[in-house]
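Residue numbers (the working numbering), protein chains in the order written: chain A, 55 to 178; chain B, 584 to 797.
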């Protein structure tokens, strides 16, 4: 095939393609309606599933959301762990809780030798 | 593309129009419309159907050559779009490219399962809806379209897909490579071989199709 023949061939083919492109391919009315009906059905199912998941979440999920979600829960857990650790192994400047528990009860008389009647004398 | 968004029924039928009547939704990207649909916006489905439905149907009709089969494939492709909407990641791919890929795979599946009709209905491609050229020109365009469709159906499946996407849907080679999941070079090879076969198939009908005087 010569170059001229190929050009003619391409030109004829392009005329066919152009005719096909111009033949407005319309969406049949029934097909459009079926596509939209599918869309409505899938959308309704999807929304129903979403609402069901939210309703089934329960009180714990609501509490979690109230506290600020998982990031807030992470901070809370860290604080709890630090508190427990300080209790078990306190730093030097804090009293030993085990020692405190072993101490006996004692009483101190703040008024010493003063009688209550002298501190609160009656008038007249 | 001029054909996208045109939805009409058969003559005399009550029009079912999914085309947007204008407004903000028609200006939104496909990504945004898919997100709106996933969030429960009903209008998004109408705009997406008007925008993408004709593309899905058109390409299926060209590849399958049968109206009923093309309608089934296009409806199934759009159904997958609706189901995929909540998981769609904007910006990763074009919705239209994804849809073309789904349609092409559905067409291949139908061929594998022997569902494709062998004969080409003469009315497989409807007449132009808009009055433009005269009656004689319309008839000639119709004859050329029918002849092209008959020739397309003689091509191997992948060649036909590549030719339809390149020369009728007017997609770029990289886009087609993404849709067909092959290299750009493979697309070029498929379209070149397809065009040679089409030219040979149409060569004997030049006089009949109005090419006798050049």
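Glycine included, every Cβ here is placed at the ideal spot set by N, Cα and C.
Please list the partners that residue i has in chain B, where partner means a Cβ-to-Cβ separation under 8 Å.
i	result
residue 71 of chain A	731, 750, 751
residue 140 of chain A	Correct list: empty, because the minimum Cβ distance to chain B is about 46 Å.
Closer than 9 Å, CB to CB, is residue i near chain A or not?
i	result
residue 742 of chain B	no
residue 631 of chain B	yes
residue 719 of chain B	no
residue 724 of chain B	yes
residue 648 of chain B	no
residue 673 of chain B	no
residue 681 of chain B	no
residue 654 of chain B	yes
residue 745 of chain B	no
residue 773 of chain B	no
residue 781 of chain B	yes
residue 609 of chain B	no
residue 628 of chain B	yes
If we define contact as Cβ-Cβ less than 9 Å, is residue i a contact residue for chain B?
i	result
residue 84 of chain A	yes
residue 61 of chain A	no
residue 143 of chain A	no
residue 130 of chain A	no
Identify the contact partners of residue i in chain A, using a Cβ-Cβ distance below 8 Å as the criterion.
i	result
residue 661 of chain B	89, 92, 93
residue 728 of chain B	70, 73, 74, 77
residue 785 of chain B	66, 67, 70
residue 637 of chain B	79, 80, 81
residue 644 of chain B	79
residue 758 of chain B	Correct list: empty, because the minimum Cβ distance to chain A is about 16 Å.
residue 769 of chain B	In chain order: nothing, as chain A lies at least about 21 Å away.
residue 651 of chain B	Simply none; closest approach about 10 Å.
residue 666 of chain B	96
Taking C-beta pairs closer than 9 Å, name the residues in chain A that residue i reaches, listed in chain order.
i	result
residue 544 of chain B	Absent from the model: residue 544 of chain B. The displayed extent of chain B is 584 to 797, so no value can be given.
residue 778 of chain B	63, 64, 67
residue 615 of chain B	Those do not exist, as residue 615 of chain B stays about 16 Å from chain A at its closest Cβ, beyond 9 Å.
List, in order along the chain, the chain A residues whose C-beta lies closer than 7 Å to that of residue i?
i	result
residue 640 of chain B	79, 81, 85
residue 737 of chain B	Within chain A, no residue comes near residue 737 of chain B; the closest Cβ sits about 14 Å away, beyond 7 Å.
residue 619 of chain B	Near residue 619 of chain B there are no residues of chain A at all, since even the closest Cβ is about 11 Å away, more than 7 Å.
State the Cα-Cα distance for the pair residue i and residue j, rounded to the nearest angstrom.
i	j	result
residue 631 of chain B	residue 761 of chain B	21 Å
residue 763 of chain B	residue 748 of chain B	10 Å
residue 750 of chain B	residue 85 of chain A	25 Å
residue 687 of chain B	residue 720 of chain B	32 Å
residue 637 of chain B	residue 680 of chain B	14 Å
residue 639 of chain B	residue 773 of chain B	21 Å
residue 756 of chain B	residue 718 of chain B	35 Å
residue 655 of chain B	residue 126 of chain A	51 Å
residue 767 of chain B	residue 128 of chain A	50 Å
residue 101 of chain A	residue 625 of chain B	12 Å
residue 92 of chain A	residue 662 of chain B	6 Å
residue 634 of chain B	residue 613 of chain B	9 Å
residue 806 of chain B	residue 685 of chain B	Any property of residue 806 of chain B remains undetermined from this structure, which presents chain B solely from 584 to 797.
residue 620 of chain B	residue 97 of chain A	7 Å
residue 83 of chain A	residue 623 of chain B	24 Å
residue 80 of chain A	residue 74 of chain A	13 Å
residue 144 of chain A	residue 667 of chain B	56 Å
residue 628 of chain B	residue 758 of chain B	25 Å
residue 777 of chain B	residue 99 of chain A	44 Å
residue 782 of chain B	residue 729 of chain B	14 Å
residue 642 of chain B	residue 103 of chain A	34 Å
residue 691 of chain B	residue 618 of chain B	29 Å
residue 130 of chain A	residue 675 of chain B	37 Å
residue 141 of chain A	residue 148 of chain A	10 Å
residue 649 of chain B	residue 616 of chain B	30 Å
In this structure, does DSSP put residue i in helix, strand or coil?
i	result
residue 90 of chain A	helix
residue 616 of chain B	helix
residue 81 of chain A	strand
residue 66 of chain A	helix
residue 750 of chain B	helix
residue 768 of chain B	helix
residue 653 of chain B	helix
residue 604 of chain B	At residue 604 of chain B the pLDDT is 46, less than 50, meaning the model places this residue with poor confidence; the figure from the coordinates comes in the next sentence. Three-state DSSP puts residue 604 of chain B in coil, outside helix and strand.
residue 688 of chain B	helix
residue 737 of chain B	coil
residue 137 of chain A	helix
residue 148 of chain A	coil
residue 637 of chain B	helix
residue 681 of chain B	helix
residue 584 of chain B	Any reading at residue 584 of chain B needs caution, since the residue's pLDDT is 40, under 50, leaving its predicted position unreliable; the model's value is listed next. In the structure shown, residue 584 of chain B sits in coil (DSSP, three-state: anything other than H, G, I, E or B).
residue 143 of chain A	coil
residue 671 of chain B	coil
residue 699 of chain B	Residue confidence is low: residue 699 of chain B scores 48 on pLDDT, short of 50, so the model does not pin down where it sits. Its coordinate-derived value is still stated next. Residue 699 of chain B falls in the coil class under three-state DSSP.
Could you work out which residues of chain B lie near residue i, taking near to mean beta carbons separated by less than 7 Å?
i	result
residue 101 of chain A	623
Looking at residue i and the ligand PLP, is the gap between the Cβ and the nearest heavy atom below 8 Å?
i	result
residue 64 of chain A	As for the ligand PLP, it is missing from this structure, which has no ligand bound.
Open item on the list: If the cut-off is 7 Å on Cβ atoms, which residues from the stretch 682-697 of chain B count as contacting chain A, listed in chain order?
Closed with: none
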